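Encoded as structure tokens, the structure appears first; notes follow it.
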DNA sequence: CCCCCCGATTAAAACGTAACAATCACAAAG
DNA sequence: CTTTGTGATTGTTACGTTTTAATCGGGGGG
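Chains as they are written, first to last, in the numbering used here: chain D, 1 to 334; chain C, 1001 to 1334.
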């Protein structure tokens, strides 16, 4: 019940609190004999440093905040895995915030990060407003954008080229002999959705097709359920194109199920391509052609940039990194 | 850069720091007129409470720690969603730790929790050793077990009956006319795996079958990849039973893909049942029969118990809650 | 033998907030 | 006019750590 403090350790080991602090933070400053004695006292008493006191005094903590759009999407859990690995290698803890695509929840998470005085924030912003992020930077909290390109050069950002990815997807569908094309997407405010659409249109233009032919179906969520609803809708309306590009794999998997349930064969009747190449894409029975992103790397690199910025504010050079996606062809496309 | 403190707000609003603190923590104690004035000054100056200072002074924080075994498993993201919803309703933030099944990582996460002086910890323990948890309790940190029954009555725990679940699964396979039966599982140290196996054996005994007939295939991980490997192994060895019970849906989905790739028809040749009923279970083309758990509820209830224990240490009565699972029959079983 | 220096250690002063007792203003009761 | 009560506000102290400057104890050079 009574928590043991640095003073208790000091008293027990016969040294001053300052020395215990040194053992904890700059072991090289203290003589080996005392260091060993203090360390064993720490274990003996079960002392655990009071992170808050430490943060208060030091002015910053050993934590970073990670704010993602949908923790239920394997894409983001993979990113989070990369973040966590790098962070824990460097002695940082990760506070994970899930915005669920809601601006309000995102703001609440950022407030928590600010209260906790996290060292830095990794964020996949749910909209384009940079105001909140500048506010954080004004508080001395570094911010790195994840899966989002930087509009400006005074910040770090790690992204994957979604225009290229969209273009690759649709080019592949056209190569397969697609006649009519559809793009199944999420809320249009999401940048990823916009960019992938832009890429899709470019690919159509490059193939001498009229971009406006691309039938857009925007769903309110980017989940498997939404994908299945989209399938039912297209079939009921009789507007089913013979090639479909879904803005992520969850939508595509739902679409796949909806199509098959209605007796539509994939890929014979309809070609289907997803985005992200999540694990389940290859595990679905008609395995899903998809656009792979270096997801785990995205998290790793973003975190490395963030911690570099935190630890070397003087020499740090902002970087805007843009990865390229890969097309992974499987069974769901002709 | 310069952080604005409670004193700055006080000076600007013409009150004492104590009053600002009251506005923040006990608004009812302060006159409406001053409260409004202080609140607007807070907004004007962009003041954000220093969580660490607050925690240091108050002796505890407004955060809870959540330690899960595999954040890549949708089961746990669903649990996490329940946790987060309740926590944020009550003004708590969640620090998420992923143990990846590694005891060392789990310990590191718990250390972070202890350093952060979280108010309480929700944990799906990766093994049966209660030592670390008692240590936390010794520090005044409440602990609630999630998806794990309590061995003792001096703690809260929320679980789902895995013995019943395993039994339901195998009983269903037997009803479908299963001849030979297999159980595809993860590391045997995981309690969930053990309990589901026990249930499976009970169901066999109840049907007059010899429990030892159950072919156990233990994989080192509970992922789709591992499931597919298990399929390849069983097929290569020629020991494929005609009914398979997988310890979770990820294994089952991998198994499904492995079987279909090898030309084994599901459910005609092999009946397949998973566990957890994750979203992807119903989205896979041969939709997966599975054992559904009230996953989101698990997270919600556990968090409610935890916060009750934290906030009313006097009147709190420990509870051990055991939910019952449901069988969800789909296409993958006869 | 004195002085200086060096490494090791310590004392003391913050960091920003919460909580408690003390004070204040003021109105109602006597 | 004094007392009492009440609600609002303030002053002060402590939380546990880090950090800086100060101190200590010797060893070596002069």
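Ideal placement from N, C-alpha and C gives every residue a C-beta, glycine not left out.
Note that the structure is predicted; figures quoted are calculated from it, not measured.
Annotated as proximal: residue 272(D) and residue 332(D), with beta-carbon spacing under 7 Å. Residues of the region 79-101 of chain D whose Cβ lies closer than 9 Å to any Cβ of chain C, in chain order: 80, 81, 84, 88, 93, 94, 95, 96, 97, 98 and 100. For residue 296(D), the enclosing alpha helix (DSSP H) starts and ends at 295-311. Taking each of 30(D), 297(D), 278(D) and 296(D) in turn and checking the Cα distance to residue 289(D), the smallest one comes out for 278(D). The alpha carbon of residue 91(D) has as its nearest neighbour, out of 62(D), 263(D), 152(D) and 297(D), the alpha carbon of 62(D). Proximity of chain C to residue 254(D) at the Cβ level (cut-off 7 Å) is accounted for by 1283, in chain order. If you draw a straight line from the Cα of residue 1129(C) to the Cα of residue 175(D), it is about 58 Å long.
Scanning 1044(C), 1085(C), 1076(C) and 1008(C) for the CA closest to the CA of residue 1303(C) turns up 1085(C).
For residue 279(D), at least one C-beta of chain C is nearer than 7 Å to its own C-beta.
Residues of the region 1007-1032 of chain C with a C-beta atom less than 9 Å from some C-beta of chain D do not occur. For the region 215-231 of chain D, residues whose beta-carbon sits nearer than 7 Å to a beta-carbon of chain C comprise 224. Beta bridge pairing from DSSP links residue 185(D) with 218(D).
Not a single C-beta of chain D is nearer than 7 Å to the C-beta of residue 1045(C). The C-alpha of residue 330(D) lies about 54 Å from the C-alpha of residue 1311(C). Using beta-carbon distances, residue 1112(C) counts as an interface residue toward chain D, with a partner under 7 Å. Straight across, the Cα-Cα distance linking residue 105(D) with residue 132(D) is about 13 Å.
Of all residues in the region 241-270 of chain D, only 253, 254, 256, 257 and 260 place a beta-carbon less than 8 Å from a beta-carbon of chain C. Chain D places no beta carbon closer than 7 Å to that of residue 1182(C), leaving this residue out of the contacts.
Judged by DSSP in its simplified three-state form, residue 1026(C) adopts coil rather than helix or strand. The beta carbons of residue 1144(C) and residue 1321(C) sit no closer together than 7 Å.
A buried status is given to residue 1155(C), since no fewer than 16 other beta-carbon atoms sit within 10 Å of its beta-carbon.
DSSP places residue 1290(C) within a strand segment (E or B) once states are collapsed to three.
Taking a cut-off of 8 Å on C-beta distances, the region 1187-1203 of chain C touches the region 1161-1172 of chain C, as three or more cross pairs fall below it.
For residue 1053(C), at least one C-beta of chain D is nearer than 7 Å to its own C-beta. Out of 1071(C), 1264(C), 1008(C) and 1110(C), the CA that lies nearest to the CA of residue 1046(C) is found in 1008(C). Chain-order list of chain C residues neighbouring residue 286(D): 1285, by C-beta distance under 7 Å. Linking residue 222(D) to residue 193(D) through their CA atoms gives a straight-line distance of about 10 Å. For residue 96(D), the enclosing beta strand (DSSP E) begins and ends at 93-98. DSSP places residue 243(D) inside the beta strand (DSSP E), whose first and last residues are 243-246. If you ignore the 5 residues before and after residue 172(D), its C-beta comes within less than 8 Å of the C-beta of 273, 289, 327, 329 and 333, all in its own chain and listed in chain order. Looking at 241(D), 124(D), 87(D) and 117(D), the one whose alpha-carbon comes closest to that of residue 99(D) is 124(D).
In this structure, residue 1030(C) keeps its C-beta atom at 7 Å or more from the C-beta atom of residue 1020(C). Between residue 111(D) and residue 1286(C) the beta-carbon gap is near 46 Å, outside 8 Å, which marks them as no contact. If you draw a straight line from the Cα of residue 236(D) to the Cα of residue 229(D), it is about 10 Å long. 7 Å or more divides the Cβ of residue 1232(C) from the Cβ of residue 1183(C). The beta carbon of residue 1293(C) does not come within 7 Å of any beta carbon belonging to chain D, so the residue lies off that interface.
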